[in-house]
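Reading through the structure tokens given below for one structure.
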């Protein structure tokens, strides 16, 4: 017994329907991932804003005004060794020496405004470091992902 043309085309309809559903789900997931990637503050967005908005040799007041303009909480510290990641201080992560600094301004953005990765919660810390004359000599944008 041989199949007729209409019997063979009947088998294709469910397969095409399934492929279409898979295609729609893939598009939906792609849009969801893209939307999450653009949510809130990212390290790249902060780095870009610092590059274009904060003068390289600004003083503490200018750095604090930048934080305020963007609604970012911040504090000033004369002790630059208190914040660490593992055994390294934040200035060390920025390739600076603690002993060359007079202080630092640390800003922080908490989850959910801090976008530290797809469906990850955490915070982003932003540091401006100042030399003995009170001029900015570096910065660091440091994401922290909360673990379960």
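Residue numbers (this note's numbering): 90 to 237. Where is the CB? At the ideal position from N, CA and C, for every residue including glycine.
- Beyond the five residues adjoining it in sequence on each side, residue 185 comes within less than 8 Å, by CB distance, of 218, 226 and 227 in the same chain, given in chain order.
- Counting only residues of its own chain and dropping the five nearest sequence neighbours on each side, residue 232 has a CB closer than 7 Å to the CB of 132, 205, 211 and 213.
- In this structure, residue 190 sits near residue 220, with a CB-CB distance shorter than 9 Å.
- Residue 175 has its alpha-carbon roughly 29 Å from the corresponding atom of residue 147.
- Collapsing the DSSP output to three states places residue 178 in a strand.
- With a beta-carbon spacing of about 6 Å, residue 162 and residue 197 fall inside the 8 Å limit used to define contacts.
- Bounds of the beta strand (DSSP E) holding residue 199 are 190–199.
- The beta carbon of residue 223 sits closer than 7 Å to those of 148, 149 and 191, all from its chain and outside the five residues before and after it, given in chain order.
- Going by beta carbons, residue 194 and residue 145 fall outside the 9 Å limit.
- In this model, residue 105 and residue 234 are separated by some 42 Å (Cα to Cα).
- Counting along the chain, residue 139 sits inside the alpha helix (DSSP H) bounded by residues 132–142.
- Under the three-state reduction of DSSP output, residue 203 falls in the strand class.
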